[in-house]
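Quick note, the sequences are listed as chains A and B, same order.
Using the numbering used here, you'd call the opening residue of the first sequence number 1 and step up by one each time.
Using the numbering used here, you'd call the opening residue of the second sequence number 1001 and step up by one each time.
In what follows, a structure is listed as structure tokens, so that the remarks can point back to it.
Number of protein chains: 2
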Amino acid sequence: MTDPLAGLPGYALRRAANAMMAELGERLVGESLRVSDATVLILVGAKGRPTASRIGQTLDIRRANMVPLLDRLEAAGLIAREPIDRKSLAIVLTPAGETKLRRVRGIVAAFERELIERVPAEHRDHLLPALDALWRGAEGAQSAQ
Amino acid sequence: MTDPLAGLPGYALRRAANAMMAELGERLVGESLRVSDATVLILVGAKGRPTASRIGQTLDIRRANMVPLLDRLEAAGLIAREPIDRKSLAIVLTPAGETKLRRVRGIVAAFERELIERVPAEHRDHLLPALDALWRGAEGAQSAQ
DNA sequence: TATTGTTATACTCTATAACTATA
DNA sequence: TATAGTTATAGAGTATAACAATA
């Protein structure tokens, strides 16, 4: 069945993102991680002791939804919550979390490399700038957190 | 907080798609339609009397998930299920569905126009081919329906 | 007064398994 | 034997409201 929607950039964007998420998800099942788990691990590994709120602000995940996500990572022994003061908690990687992060970085880097290789060479360098414009250009229309 | 993931095409793809879906969803609340509802309406309007299964194959929606979606459109008086034989049902637009489709087409066309205008001119023509390559290039990795 | 972490809750999307009836 | 429609169910993701404690 020919798809009359195939010429619409918004539709192609959704289909491409869905396919990408499904494939990355499959590559992470071996690590018992969801895509959002891996994203948080990478962010925590790159940043110094962020709070859950700051992670959520960066990744566009609501505070309330960070709780079960971090509970899961903590239960897996990958992160710990360390008091900053009597109100805030710093999210830090455990040694097991550091080891896991190294594996995750490898999986993600290989995946991103394969992704970009699927794009015909003449379009390749345009993808990230175009996606960035769509992402950040949607600001006014996006609901605030 | 600087986002160390911002340079990854896969991450940018997800963020762009999420922002796009949220914005299109907002534009469709006035029509009391979800994005997937609008997508099905457009597809049915372009194709002659498809079955639910064929719609699902085209849009990558499982048969089982088509049922409540079509129930909703039928309850809203926008589509009808007409017997093809004693096993299959053709999905057709009602007169109200045709009217609604005209409005939806206008909303979607305006949105797609704005989307593409947000992309800097030098990258604009590369977006759709790049997304198509990512979408269709994921085939082998995608789970079959 | 604003922010952090949290609980509870609900809605959407998506996925699987299984059943009936029919091609 | 394969396909169409359906039911039931479960897992994710995401959203809001509200609360206590603290900055």
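Just so it is clear, CB atoms sit at the ideal spot from N, CA and C, and this is done for glycine as well.
Quick caveat, the model's predicted, so the values are computed rather than measured.
Chain-order list of residues whose beta-carbon lies under 8 Å from that of residue i (same chain, five-residue window excluded)
i, result
"E1031/B", "A1038, K1100, R1103, V1104, I1107"
"G1025/B", "R1034, V1035"
"L134/A", "L13"
"L73/A", "D37, V40, L41, I79, G97"
"L1059/B", "S1036, T1039, V1040, L1043"
"N1065/B", "G1056"
"L69/A", "S36, D37, V40, I61"
"Q142/A", "The predicted position of Q142/A is uncertain, since its pLDDT is 45 and thus under 50; a value taken from the coordinates is nonetheless stated next. So the list is empty, once near-sequence residues are dropped."
"R1015/B", "none"
DSSP beta-bridge partners of residue i
i, result
"L1089/B", "P1083/B"
"T51/A", "A90/A"
Of the residues the options, the one placed nearest residue i, counting alpha carbons only
i, options, result
"T1094/B", "T1002/B, P1009/B, R1049/B", "R1049/B"
"L1131/B", "E117/A, R136/A, A138/A", "E117/A"
"A96/A", "A75/A, A12/A, P68/A, N65/A", "A75/A"
"A1138/B", "R81/A, A17/A, I42/A", "A17/A"
"V1046/B", "L115/A, L8/A, P4/A, I91/A", "Note that residue 1046/B corresponds to Ala in the displayed sequence, not to Val. If we check each option's Cα against that of A1046/B, P4/A comes out closest."
"L115/A", "M21/A, G7/A, A6/A, L8/A", "M21/A"
"V44/A", "R113/A, A90/A, E112/A, A110/A", "A90/A"
"F1111/B", "R1027/B, A1006/B, G1077/B", "R1027/B"
Own chain residues within Cβ distance below 7 Å of residue i, not counting five before or after
i, result
"S1088/B", "T1051"
"L1008/B", "none"
Burial state of residue i, where buried means 16 or more other Cβ atoms lie within 10 Å
i, result
"E1023/B", "buried"
"P1083/B", "exposed"
"G1010/B", "buried"
"V1119/B", "buried"
"V1067/B", "exposed"
"V1029/B", "exposed"
"R86/A", "exposed"
"T1002/B", "exposed"
"A1019/B", "buried"
"R113/A", "exposed"
Neighbourhood of residue i by C-beta distance below 6 Å, restricted to the same chain and skipping five residues each side
i, result
"D71/A", "none"
"R81/A", "L89"
"S53/A", "R63"
Worksheet item: Using 8 Å as the Cβ pair cut-off and three pairs as the minimum, do the stretch 120 to 129 of chain A and the stretch 1112 to 1130 of chain B touch?
Response: Segment contact: the stretch 120 to 129 of chain A against the stretch 1112 to 1130 of chain B, three or more CB-CB distances shorter than 8 Å; contact assigned.
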